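Below is one structure; the comments refer to it alone.
Number of protein chains: 2
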Amino acid sequence: MSAPDRTHDPALRSWVASANRPDHDFPIQNLPFGAFRAASDAAPRCAVAIGDQLLDVSRIADLFTAEASAVAAALAAPGLNRAMALGHGAHAAFRAQLSALLQEDERARRPAVEAALRPLQSAQLVLPFEVRGYTDFFASIHHASNAGRLFRPDQPLLPNYRYVPVAYNGRANSVRTSGEPVVRPHGQLKPAEAGAAPRFAPSQRMDYEVELGIVVGRPTAAGEPLRPGDAWDHVFGFCLLNDWSARDIQAWEYQPLGPFLGKSFATSISPWIVTAQALLPFRTAAAARAPQDPEPLPHLRDPRDHARGAVAVQLEAAIRTAHMRQRGLPAHRLSRSNAADLYWTVAQMLAHHTSNGCALDTGDLVGSGTVSGAGDGALGSLLELSRGGAAAIDLPGGEQRRFLEDGDEVRLTGFCEAPGHRRIGFGECAAVLAPARPYGPADSGE
Amino acid sequence: MSAPDRTHDPALRSWVASANRPDHDFPIQNLPFGAFRAASDAAPRCAVAIGDQLLDVSRIADLFTAEASAVAAALAAPGLNRAMALGHGAHAAFRAQLSALLQEDERARRPAVEAALRPLQSAQLVLPFEVRGYTDFFASIHHASNAGRLFRPDQPLLPNYRYVPVAYNGRANSVRTSGEPVVRPHGQLKPAEAGAAPRFAPSQRMDYEVELGIVVGRPTAAGEPLRPGDAWDHVFGFCLLNDWSARDIQAWEYQPLGPFLGKSFATSISPWIVTAQALLPFRTAAAARAPQDPEPLPHLRDPRDHARGAVAVQLEAAIRTAHMRQRGLPAHRLSRSNAADLYWTVAQMLAHHTSNGCALDTGDLVGSGTVSGAGDGALGSLLELSRGGAAAIDLPGGEQRRFLEDGDEVRLTGFCEAPGHRRIGFGECAAVLAPARPYGPADSGE
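As given, the protein sequences belong to chains A and B, one line each in that order.
Counting from 596, one number per residue, gives the positions in the first sequence under the working numbering.
Counting from 596, one number per residue, gives the positions in the second sequence under the working numbering.
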């Protein structure tokens, strides 16, 4: 992918006035993609966010030319998959033309574009793409160490960690959009006493995980591993991802084959996909904050891209309990961490994923794993914040939390800023934890 | 699902003569579904196997009436998903009408049906359905104990095994049809010495796993767990499944999040899906051979179906090496095991899968895990047969194996037989292990 271009110019302003507010997530330098329903019974179609407006972009498809018109046409589909598959050449052309249409000095075509805008606040956003596969990595060495310390104080980090970008397959059909409540799952809960039988009940240790989601655009072929230096060609963009986790279900089930029901009940993603192109100014040195030692094996080395291997997305998690909402208290920040602190880079994760010949499909969602950093302010899950439930976290209004309670809203936000560049944001990934439902089988069984 | 009906009558004969041969896998009592290409450049469409013929069933869609005609129409699609989603009422109606069309006493419609037949041997079979999610269980207590013993001689079975039907998410896009060669994957291999660094090379411990694949038809809704007694309503059918495994890659990567690259390079399934309806006569007592102790938690109990919880599919694995092919030696049987020996039943696996609210989709593939039984003749993987590579297995022609070598063909077959019923078979799931390819990144890298 090429270097930042004219679309990244911080001086660019849009005739959509809200996009020019300095702290707005969706300035003209961003242009993230999503999908919405124009009416509750209408088929979804794709959109671009600009300021506080949603651009119903397939309605102005005739304004795009050459390569960009293929992208515009593909955006009439109910999700981004067709457009994402087209690859970066077409995406760059589309971005350049869309930017021009929205710039302050555009006159002739502005009325047509303006007619395709609608207020974001009233839009019904849906899952932005069909999730084909969902893979979750474990790329934060801080998180891996913090989580490992709870189980193995003497050896927090397993011997494979600095060689293998560890990952597991998640459940693709559990991925949903920000705003959809997450129901507390039932599962097998094992009392701590050795030999005690598990019981089947709603999870008592509900948690969130702050993650960056990588969305695959151009697919790869089976049997053709990616070089790290080519991996970014297959990244369409990024989203915020909350990998909801039931720690008690997970702790009892995960040996020897890894997490399953402790994760597969829900994964929330933000509705707007920030493109790899929009993030170009925020690529930074992979090793700046987390030097890789030992040097990765050759198939994971990428000397050509060493200076820009990481992507500096600042991530924040906040909580707002039912009590806080009643009292009008704002959400309370729990953590701030940065994707540039991940041990493994985006390119290394994708190179590893394909290194055995496994193909990547358009619409694959690849989670970074919990993004934690050094220090108590940068812990991306309650498991870490509460030291496995041992320490209570004080909230405004006098409440405390070790794990989530019913009615708690978890809100992830993310943004990028760098000197000489316009700040861009990810919007939010938020959901309320709803109480467990009465369990069908138990109610109507024997 | 109802009891065996007229379509299971062992006295039924077909005017397709080959279907009446006593040992044929596809008699008129079977009628499994698949998909094929009529020409190499044609879109695939669905088919039914009868004897040594393939029935291009959407060509005779006008012969079906009422509910069955919806199934027939859906079979014009490139895979079975649309037809599978219709549910058992429609499938039973289709099966009854199709059986009548193929019975020996059919006269009037026989010419039309005959015109839609083509020899199986010349047909290009493709993946029979679009695999949505792929979940792999660990339901054989024999396999779990045998594999566990290699790592933990004192405690082969982990404490959760008899409570939790342990499973993990596999990689759906790695599933392919029988006949496609499987390429030996590269991966990180860790020498046994503590502290030694891993190297990146082709796997040296390639293995197969004999499994039964469950194919989901009617979907479930998110948040609505299945009762075990209702689970079979969502099973379209079964296939043979070879969960190829690179034991060395898996051993180094799997802590703490389970198998990933050690499995995601390839999973082979048989091209014909034997329906849940065809298997009705072979349902047997769940606890006949593998009593569940302790009693499962309430959400996994199914008192109403206790007598028919298991499905007695006899599974065989055989090997034919390149040397054996050259010398004209037949394939050598490595194991014979039975799905009725699984600790967890099909209904329990699906009930567990949905117990946290996770939905099942049409086209989900659910593997049983390696089906091993008691005794040395019933070990469903080389890991077990060679005791983790410690013991060599003698093959005809003077060769030995601990793990697979390039050119080895692994062939899985399966069948059901029961007194008073016609034997039915699954065809085969076979693939040759091809040599590792030169590794792209290493070749063209630094």
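Virtual Cβ for every residue (Gly too), placed ideally from N, Cα, C.
Predicted, not measured: the structure shown is a model, and the values here were computed from it.
Checklist entry - Of all the residues that make up the region 790 to 807 of chain A, which are near chain B by a beta-carbon distance shorter than 9 Å? => result Shown in chain order are the members of the region 790 to 807 of chain A whose Cβ falls below 9 Å from a Cβ of chain B: Gly790, Ala792, Pro793, Arg794, Phe795, Ser798.
Next on the checklist: Under 8 Å, with one C-beta from each stretch per pair, do the region 801 to 808 of chain A and the region 664 to 678 of chain A reach the 3-pair mark?
Outcome noted: Cβ pair count under 8 Å is below three, so no.
Checklist entry - So with Cβ pairs under 7 Å, would you call leucine 874(B) a contact of chain A? => result As a working note, residue 874(B) is residue 279 in the second sequence. The C-beta of leucine 874(B) comes no closer than 7 Å to any C-beta of chain A.
Item to check | threonine 949(B), enclosing alpha helix (DSSP H) - first and last residue | outcome: As a working note, residue 949(B) is residue 354 in the second sequence. From DSSP, the alpha helix (DSSP H) with threonine 949(B) extends over 941 to 949.
Next on the checklist: Strictly by DSSP, which residues pair up with valine 869(A)?
Outcome noted: Numbered from 1 along the first sequence, position 274 holds the residue referred to as residue 869(A). Answer by DSSP bridge pairing, in chain order: Phe833(A).
Next on the checklist: Quick check on DSSP: helix, strand or coil for alanine 661(A)?
Outcome noted: Position 66 of the first sequence, counted from the first residue, corresponds to residue 661(A). For alanine 661(A), the secondary structure class from DSSP, reduced to helix, strand or coil, is helix.
Checklist entry - Does any CB atom of chain B fall closer than 7 Å to the CB of tyrosine 763(A)? => result Taking the first sequence and counting its residues from 1, the one referred to as residue 763(A) is at position 168. Closer than 7 Å to some Cβ of chain B, the Cβ of tyrosine 763(A) qualifies, so yes.
Checklist entry - Alpha carbon to alpha carbon, what distance is there between isoleucine 844(B) and alanine 1031(B)? => result Counting from 1 along the second sequence, the entry for residue 1031(B) is found at position 436. Counting from 1 along the second sequence, the entry for residue 844(B) is found at position 249. So the two alpha carbons sit approximately 14 Å from each other.
Next on the checklist: Using only CA atoms, which one of Val961(B), Pro991(B), Gly968(B) lies nearest to arginine 766(A)?
Outcome noted: Position 171 of the first sequence, counted from the start, is the residue given in the question as residue 766(A). Each of Val961(B), Pro991(B), Gly968(B) was checked against the Cα of arginine 766(A), and the nearest Cα belongs to Val961(B).
Next on the checklist: My output table needs one value for leucine 895(B): the three-state DSSP class, helix, strand or coil.
Outcome noted: Taking the first residue of the second sequence as 1, we reach residue 895(B) at position 300. Judged by DSSP in its simplified three-state form, leucine 895(B) adopts helix.
Item to check | Backbone secondary structure at glutamate 1041(A) - three-state DSSP | outcome: Walking along the first sequence from the start, residue 1041(A) turns up at place 446. Interpretation of glutamate 1041(A) is limited by its pLDDT of 36, a score under 50 that renders its predicted location unreliable; no figure is taken from the coordinates.
Next on the checklist: Please classify alanine 598(A) as buried or exposed, where buried requires at least 16 other C-beta atoms within 10 Å of its C-beta.
Outcome noted: In the first sequence, counting from the first residue as 1, residue 598(A) sits at position 3. By the 10 Å Cβ count, alanine 598(A) comes out exposed.
Item to check | glutamine 750(A), buried or exposed, once every other Cβ within 10 Å from all chains shown has been counted against 16 | outcome: As a working mapping, residue 750(A) is identified with position 155 in the first sequence. Counting Cβ neighbours within 10 Å, glutamine 750(A) comes out exposed, since fewer than 16 surround it.
Item to check | Which of helix, strand or coil DSSP assigns to alanine 1026(A) | outcome: Translated into the one-based positions of the first sequence, residue 1026(A) becomes position 431. Here DSSP, grouped into helix, strand and coil, assigns alanine 1026(A) to strand.
Checklist entry - Is it the case that the CB of proline 786(B) approaches a heavy atom of the ligand PLP more closely than 6 Å? => result No copy of the ligand PLP occurs in the structure displayed, which carries no ligand at all.
Item to check | Closer than 8 Å at the beta carbon, the chain A residues around glutamate 979(B) | outcome: In the second sequence, residue 979(B) corresponds to position 384, counting from 1. The contacting residues do not exist; glutamate 979(B) stays about 15 Å from chain A at best.
Checklist entry - From asparagine 837(A) to serine 863(A), what distance separates their C-alpha atoms? => result The residue you call residue 837(A) lines up with position 242 of the first sequence. The residue you call residue 863(A) lines up with position 268 of the first sequence. Within the model, the alpha-carbon separation for asparagine 837(A) versus serine 863(A) is close to 5 Å.
Checklist entry - If contact means a Cβ-Cβ distance below 7 Å, which residues of the region 748 to 774 of chain A contact chain B? => result Answer set for the region 748 to 774 of chain A: Leu753, Asn755, Tyr758, Val759, Val761, Ala762, Tyr763, Asn764, Gly765, Arg766, Ala767, Asn768, Ser769.
Checklist entry - Should phenylalanine 659(A) go down as buried or exposed, given a rule of 16 or more other Cβ atoms within 10 Å for buried? => result The sequence position of residue 659(A) within the first sequence is 64, counting from 1. Label assigned to phenylalanine 659(A): buried.
Checklist entry - Is it a yes or a no for the region 753 to 768 of chain B touching the region 976 to 985 of chain B, going by three-plus beta-carbon pairs under 8 Å? => result With the cut-off at 8 Å, the region 753 to 768 of chain B and the region 976 to 985 of chain B do not touch.
Checklist entry - Which residue from Leu945(A), Leu924(A), Val778(A), Val777(A) puts its Cα closest to that of aspartate 825(A)? => result Within the first sequence, the letter at position 230 stands for residue 825(A). Shortest Cα-Cα distance from aspartate 825(A) to any of Leu945(A), Leu924(A), Val778(A), Val777(A) involves Leu945(A).
Checklist entry - Can the beta-carbon of alanine 711(A) be found closer than 7 Å to that of isoleucine 655(A)? => result Within the first sequence, residue 711(A) is the residue found at index 116, counting from 1. Within the first sequence, residue 655(A) is the residue found at index 60, counting from 1. Cβ distance < 7 Å, so alanine 711(A) and isoleucine 655(A) count as in contact.
Item to check | Residues bridged to phenylalanine 732(B) [DSSP beta-bridge criterion] | outcome: Here the question's residue 732(B) lines up with position 137 in the second sequence. Phenylalanine 732(B) pairs with Ala762(B).
Checklist entry - Under the DSSP definition of a beta bridge, which residues are partnered with alanine 673(A)? => result Taking the first residue of the first sequence as 1, we reach residue 673(A) at position 78. In the sequence as presented, alanine is not what sits at residue 673(A); that position holds proline. Looking at the DSSP assignment, proline 673(A) forms no beta bridge with any residue, so it has no partner.
Checklist entry - Looking at the unbroken alpha helix (DSSP H) that takes in arginine 713(A), where does it start and where does it end? => result Here residue 713(A) refers to the residue found at position 118 when the first sequence is read from its first residue. Careful: arginine 713(A) lies outside any alpha helix (DSSP H), inside the beta strand (DSSP E) at 712 to 714.
Checklist entry - Between glutamine 850(A) and chain B, is there a C-beta pair that is closer than 7 Å? => result Your numbering for residue 850(A) matches position 255 in the first sequence. Yes, contact with chain B.
Checklist entry - Quick one: what does DSSP say threonine 965(B) is sitting in, helix, strand or coil? => result Here residue 965(B) refers to the residue found at position 370 of the second sequence. DSSP places threonine 965(B) outside both helix and strand once states are collapsed to three, so it counts as coil.
Checklist entry - When we look at the beta-carbon of proline 746(A) and count the other beta-carbons within 10 Å, is it buried (16 or more) or exposed? => result Mapped onto the first sequence, residue 746(A) falls at position 151. It should be pointed out that residue 746(A) corresponds to phenylalanine in this sequence rather than to proline. By the Cβ neighbour-count rule, phenylalanine 746(A) is exposed, with fewer than 16 other Cβ atoms within 10 Å of its own.
Next on the checklist: By alpha-carbon positions, which one of Gly743(A), Ala796(A), Asp828(A) ends up nearest to lysine 785(A)?
Outcome noted: Against the first sequence, residue 785(A) aligns to sequence position 190. Measuring from the Cα of lysine 785(A), the nearest candidate turns out to be Ala796(A).
Checklist entry - Out of curiosity, what's the CA-to-CA distance linking alanine 817(A) and alanine 861(B)? => result Looking up residue 817(A) in the first sequence gives position 222. Looking up residue 861(B) in the second sequence gives position 266. Whole-angstrom Cα-Cα distance: 9 Å.
Checklist entry - Residues of chain B with a CB under 7 Å from the CB of arginine 1032(A): which are they? => result Translated into the one-based positions of the first sequence, residue 1032(A) becomes position 437. Result: Gly818.
Checklist entry - What's the gap between the Cα of isoleucine 914(A) and the Cα of glutamine 921(A)? => result As a position in the first sequence, residue 914(A) is number 319, starting the count at 1. As a position in the first sequence, residue 921(A) is number 326, starting the count at 1. Whole-angstrom Cα-Cα distance: 14 Å.
Next on the checklist: Suppose the cutoff is 8 Å on Cβ atoms and the five residues either side in sequence are ignored; what does the same chain contact list for leucine 892(B) look like?
Outcome noted: As a first step, residue 892(B) is located in the second sequence; it is residue number 297 there, counting from the start. Here leucine 892(B) has Tyr758 as same chain residues with Cβ atoms under 8 Å from its own Cβ, once five neighbours each way along the sequence are excluded.
Checklist entry - So what does DSSP say about glutamate 1004(A), is it helix, strand or coil? => result Within the first sequence, the letter at position 409 stands for residue 1004(A). Residue state, collapsed to three classes: strand.
Checklist entry - Interface residues of chain A around proline 780(B) at Cβ under 7 Å? => result The sequence position of residue 780(B) within the second sequence is 185, counting from 1. What proline 780(B) touches in chain A, judged by beta-carbon distance under 7 Å, is Asn951, Gly952, going in chain order.
Checklist entry - Which whole runs of the beta strand (DSSP E) in the region 812 to 861 of chain A are 3 residues long or more, in chain order? => result Considered as a whole, the region 812 to 861 of chain A harbours 830 to 837 as its complete beta strand (DSSP E) runs of no fewer than 3 residues, in chain order.
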